[in-house]
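Data block below; observations after.
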């Protein structure tokens, strides 16, 4: 029983990280119909930046904030420089372009910071809480992980539902032409969308880095997990992305605990294939009625 | 207020408009008539910046707007309601309305305009929290016109506002257009296949055929021209 509880707690904490990356994929998919394969590379860059800043200032929190800000800037820059030129082109162009960006970012990171993964500090202790004389698999840093991701998801929900900027972003995503006819600067909304998505990704990078270390390729698998989580949630729904991340985190934690950790990636792919076969619109898809 | 001089425009190699000229004076209502494919929608798209002119000139309020972006024209007071309304079904009625005035920033102004718009179309207030996709055709048209009015435009471009509506609803829409001109001096360029309905509210009419102006004149004149009615307007 205690093992089950441990795996569950661990699954929640991991699931939140998948949720944050899934959220960044969903935000971009919703806004620009592009699967951003470079997301893992982008959050790798911002986490490396955090690592350097922490190294030179000695303050985790300065590095934390700089990483989030550089995520915003990187996301906006990628949209402006790369994505804007893809508008109106076949979807395959976007796939190749974001894959190319991923390779580019990994090469740049290798040139600047080297290819050997380095350790990354957690914000708080990773030692599990002591419950009736036993350390559970959930500590202060896990609490922080869950709260940070939920806080960010909540802030994004508030932005989308409660502000004029959010309304314009939703309008631009649903119907760019109609949005333009209401004076919405649609291309600017895309830039903001990419910036926010990259922010969400860079938060995930900071949260997962203590476990996977920081290297040009250490975040590759998280993109697979996040993509699975996003598909699980319907790819179009931010709420679905968070729930999908949680479901995937729990599933993979049980697989790892009861069947062996070597099966985790395989299990993620099996879930992805199963969802695509059985319910390609995702488990939590909102069926969109659209009359033209 | 709005002037088009020798406007020619293409979709790729296909010419959609050829040397089209027309003028809409401030506070006037001009109807653009013609059958399907006559170039009516292309004309509105060109004026609103969605279709670039190959040659000719489009003037709005004394300045040339050939190169202006759609978003900027909307902000300068040139609103375009496309065919079908362009209502965003995923948003609620209220959100659609808000969207029309967001760029204006002034919250009080927005609230005041909203009251006016809801006064014109009380139906919108009843449905304000519903998703726009659940609206009927007439309600959608009311919402799209109301949303355009939220930006307090000086010129309104309307594409087939009565298309697919019950005659009584179409009549109501036309009546509102007439009221808008009377009460606030709104200038309207109205595209319609339904000539009878359009000429009932317009001062003047322009008839397009295959991208060219083939006739123009006072609304009453056009409505009474038997030959024209037969050839281009589909009226008996």
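Protein chains in written order, with the numbering used here: chain G, 2 to 293; chain C, 10 to 245.
Note that beta-carbon positions come from the ideal geometry of N, C-alpha and C, so glycine has one too.
Query, Result
"Look at the Cβ atom of residue 72/G, then the Cβ atom of residue 199/G, and state whether they are nearer than 7 Å.", "yes"
"Tell me the rounded alpha-carbon separation between residue 84/G and residue 110/G.", "21 Å"
"From 160/C, 104/C and 44/C, pick the residue whose C-alpha is nearest to that of residue 217/C; which is it?", "44/C"
"So is residue 97/C in contact with chain G if we call contact Cβ pairs under 7 Å?", "yes"
"Here's the rule I'm using: 16 or more other beta-carbon atoms within 10 Å means buried, otherwise exposed. How should residue 121/G be labelled?", "buried"
"Could you give the DSSP three-state label for residue 235/C: helix, strand or coil?", "helix"
"Identify the contact partners of residue 185/G in chain C, using a Cβ-Cβ distance below 8 Å as the criterion.", "80, 108, 111 and 112"
"Can you tell which of 69/G, 4/G and 57/G has the C-alpha that lies nearest to the C-alpha of residue 202/G?", "69/G"
"Can residue 86/C and residue 163/C be called in contact, C-beta distance under 7 Å?", "yes"
"With the cut-off set at 7 Å, would you say residue 294/G and residue 208/G are in Cβ contact?", "No answer is possible for residue 294/G: it lies beyond the span of chain G, which begins at 2 and ends at 293."
"Look up residue 165/C in the DSSP assignment and give the residues it is bridged to.", "88/C and 197/C"
"Check the Cβ of residue 148/C against every Cβ in chain G and list those closer than 8 Å, keeping chain order.", "Residues of chain G passing the Cβ test: none, with the nearest at roughly 12 Å."
"Just to confirm my understanding: we take residue 292/G, look at its own chain, exclude 5 residues before and 5 after, and list those with CB closer than 8 Å. What are they?", "Because the pLDDT of residue 292/G is 39, which lies under 50, any placement of that residue in the model is unreliable, and the question is left without a value."
"Three-state secondary structure (DSSP) at residue 73/C?", "strand"
"Mapping the DSSP letters down to three states, classify residue 191/G as helix, strand or coil.", "helix"
"Going by beta-carbon coordinates alone, are residue 31/C and residue 13/C separated by less than 7 Å?", "yes"
"Can you confirm whether the segment 101-121 of chain C touches the segment 53-68 of chain C when touching is taken to mean that 3 or more C-beta pairs between the two stretches lie within less than 8 Å?", "no"
"Taking 6 Å as the cut-off, is the C-beta of residue 114/G nearer than that to any heavy atom in the ligand SAM?", "As far as ligands go, the structure on display features none, and thus does not contain the ligand SAM."
"On a Cα-Cα basis, can you pick out the residue from 198/C, 19/C and 223/C that is closest to residue 10/C?", "198/C"
"Taking residue 213/C as part of the alpha helix (DSSP H), name the residues at either end of that continuous run.", "Where residue 213/C is concerned, there is no enclosing alpha helix (DSSP H), although the beta strand (DSSP E) it sits in stretches over 213-218."
"Is there at least one Cβ from chain D nearer than 7 Å to residue 128/G's Cβ?", "The chain inventory of the structure shown lacks chain D, comprising the protein chains G and C."
"Apart from the five residues just before and just after residue 11/G, which ones in its own chain have a Cβ nearer than 6 Å to its Cβ?", "138 and 254"
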